[in-house]
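Q: Just passing along the structure, written as structure tokens.
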């Protein structure tokens with residue numbers, strides 16, 4: 001069964017171009033021209049990824065992202081015509097996994113979508129579960145618990161935590177995280193990583209202490225008393 005991608009874009013021509021690219025790759029496509037329609041489609045259908053424009057009529061992309069994140073960790077790519085980095089960081093803080101600035105290359109956007117979908121369905125080859133310091137990751141279901149309590153993580157937060165835990169005790173630079181999580185073509189900076197780490201720590205509660213900041217270097221996962 002093909003995976004379903006919801007395109008939320010009020011510009012008809014851009015929406016049709018992206019739709020054609022996705023259909024050629026074998027994906028099923030849903031279309032919305034405003035925020036309210038997007039939420040309605042999301043509630044009615046099983047969606048595997050959302051491509052979400054920020055500037056939308058009825059309900060903007062920020063609001064759509066925030067509402068989706070209340071019930072789902074579906075990967076979200078935000079489209080922005082703005083150059084202000086604070087707008088991009090706000091998207092990450094609300095739970096977006098990636099962003100692409102307009103005007104964008106459809107093949108690049110398609111590659112970003114493929115990467116997120118592939119990672120979403122990858123199973124851990126050696127073990128289904130990774131546990132350390134009271135934090136447990138179950139890869140097949142992509143769920144996380146800390147101290148026995150479920151943690152609702154976004155796709156990107158899950159990937160960051162898994163990467164740090166797999167490399168416990170090793171300093172991972174921000175550049176390494178960007179390359180691992182977003183790929184070589186990502187144009188963001190350290191603030192992007194910092195924003196996701198901050199959100200991840202908030203959701204881990206007391207267990208956030210296991211994600212240690214190494215000044216001027218990066219982060220590492222380590223056991224703490």
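In the UniProt record's numbering, the protein residues as written are 1 to 225. Glycine residues also receive a C-beta, built at the ideal position from the N, C-alpha and C atoms.
1) Which residues does DSSP list as the beta-bridge partners of residue 99?
2) To the nearest angstrom, how far is it from the Cα of residue 18 to the Cα of residue 133?
3) DSSP state of residue 156, grouped into three classes?
4) Whose CA, out of 24, 39, 25, lies closest to the CA of residue 31?
5) Residues bridged to residue 151 by DSSP?
6) Using the rule of at least 16 other Cβ atoms within 10 Å of the residue's Cβ for burial, across every protein chain shown, is residue 9 buried or exposed?
7) Exposed or buried, residue 192, counting other C-beta atoms within 10 Å across all chains shown (16 or more means buried)?
8) For residue 2, count neighbouring Cβ atoms within 10 angstroms of its own Cβ and tell me buried if that reaches 16, exposed if not.
9) Determine the direct distance from the alpha carbon of residue 63 to that of residue 161, and round the result to whole angstroms.
10) Between the C-alpha atoms of residue 147 and residue 200, what's the straight-line distance to the nearest angstrom?
11) Is residue 79 near residue 21, with beta carbons less than 8 Å apart?
12) Out of 61, 47, 37, 113, which one is the CA nearest neighbour of residue 73?
13) Candidates 89, 179, 49, 29: which alpha carbon is nearest residue 198's?
14) Using the Cα positions of residue 165 and residue 130, report the straight-line distance between them to the nearest angstrom.
15) For the alpha helix (DSSP H) containing residue 26, name the first residue and the last one.
16) Output the distance between the C-alpha atoms of residue 43 and residue 77, rounded to the nearest integer angstrom.
17) Quick check on the burial criterion: 16 or more other C-beta atoms within 10 angstroms. Buried or exposed for residue 101?
18) Just reading off the alpha helix (DSSP H) that residue 178 is part of, what are its end residues?
19) Which word fits residue 210, buried or exposed, when buried means at least 16 other C-beta atoms lie within 10 angstroms of its C-beta?
20) Please state the DSSP three-state secondary structure of residue 53.
21) If you run the structure through DSSP and keep just helix, strand and coil, what is residue 221?
22) Taking only three categories from DSSP, how would you classify residue 215?
23) Specify the secondary structure class of residue 123 as computed by DSSP and reduced to three states.
A: Reading it off the structure:
1) Taking the first residue of the chain shown as position 1, residue 99 is located at position 99. According to DSSP, which records beta bridges pairwise, residue 99 is partnered with 78.
2) Locating residue 18 in the chain shown gives position 18, counting from the first residue. Locating residue 133 in the chain shown gives position 133, counting from the first residue. When rounded, the distance between both Cα atoms is 43 Å.
3) Counting from one through the chain shown, the residue named residue 156 turns up at place 156. Three-state result, residue 156: helix.
4) The residue you call residue 31 lines up with position 31 of the chain shown. Checked all of 24, 39, 25; the closest Cα to residue 31 is 39.
5) If you number the chain shown from 1, residue 151 lands on position 151. Beta-bridge partners of residue 151 (DSSP): 144.
6) One-based indexing of the chain shown puts residue 9 at position 9. It counts as buried.
7) Within the chain shown, residue 192 is the residue found at index 192, counting from 1. The residue in question, residue 192, is buried, as its Cβ has 16 or more Cβ neighbours within 10 Å.
8) In the chain shown, residue 2 corresponds to position 2, counting from 1. Under a 10 Å Cβ-count criterion, residue 2 is classified as exposed, with fewer than 16 other Cβ atoms of the shown protein chains found around its own Cβ.
9) To locate residue 161, count along the chain shown from 1; it is residue 161. To locate residue 63, count along the chain shown from 1; it is residue 63. Taking C-alpha positions only, residue 161 is separated from residue 63 by approximately 26 Å.
10) Here residue 147 refers to the residue found at position 147 when the chain shown is read from its first residue. Here residue 200 refers to the residue found at position 200 when the chain shown is read from its first residue. Near 15 Å, if we compare the C-alpha coordinates of residue 200 and residue 147.
11) Your numbering for residue 79 matches position 79 in the chain shown. Your numbering for residue 21 matches position 21 in the chain shown. No. Outside cutoff.
12) What you label residue 73 is simply residue 73 of the chain shown in a count that begins at 1. Of all alpha-carbon atoms in 61, 47, 37, 113, the one lying nearest the alpha-carbon of residue 73 is that of 47.
13) For the purposes of this step, residue 198 is taken as the residue at position 198 of the chain shown. The shortest C-alpha to C-alpha distance from residue 198 to any of 89, 179, 49, 29 is the one to 89.
14) As a position in the chain shown, residue 165 is number 165, starting the count at 1. As a position in the chain shown, residue 130 is number 130, starting the count at 1. As the crow flies, the alpha-carbon of residue 165 is around 8 Å from that of residue 130.
15) Taking the chain shown and counting its residues from 1, one reaches residue 26 at position 26. From DSSP, residue 26 is part of no alpha helix (DSSP H); its letter is neither H nor E.
16) For the purposes of this step, residue 43 is identified with residue 43 of the chain shown, where counting begins at 1. For the purposes of this step, residue 77 is identified with residue 77 of the chain shown, where counting begins at 1. Cα to Cα, residue 43 sits roughly 18 Å from residue 77.
17) The residue labelled residue 101 in the question sits at position 101 within the chain shown. Exposed.
18) Here residue 178 refers to the residue found at position 178 when the chain shown is read from its first residue. Residues 174-181.
19) Within the chain shown, residue 210 is the residue found at index 210, counting from 1. Within a 10 Å sphere around the beta-carbon of residue 210 sit 16 or more other beta-carbons, which makes this residue buried.
20) Here the question's residue 53 lines up with position 53 in the chain shown. Residue 53 falls in the strand class under three-state DSSP.
21) Against the chain shown, residue 221 aligns to sequence position 221. DSSP places residue 221 in strand when its eight states are reduced to three.
22) In the chain shown, residue 215 corresponds to position 215, counting from 1. For residue 215, the three-state secondary structure derived from DSSP is coil.
23) To locate residue 123, count along the chain shown from 1; it is residue 123. With a pLDDT of 47 at residue 123, under the threshold of 50, the modelled position of this residue cannot be trusted; read the value that follows with caution. Per DSSP, reduced to three states, the secondary structure at residue 123 is coil, with no helix or strand assignment.
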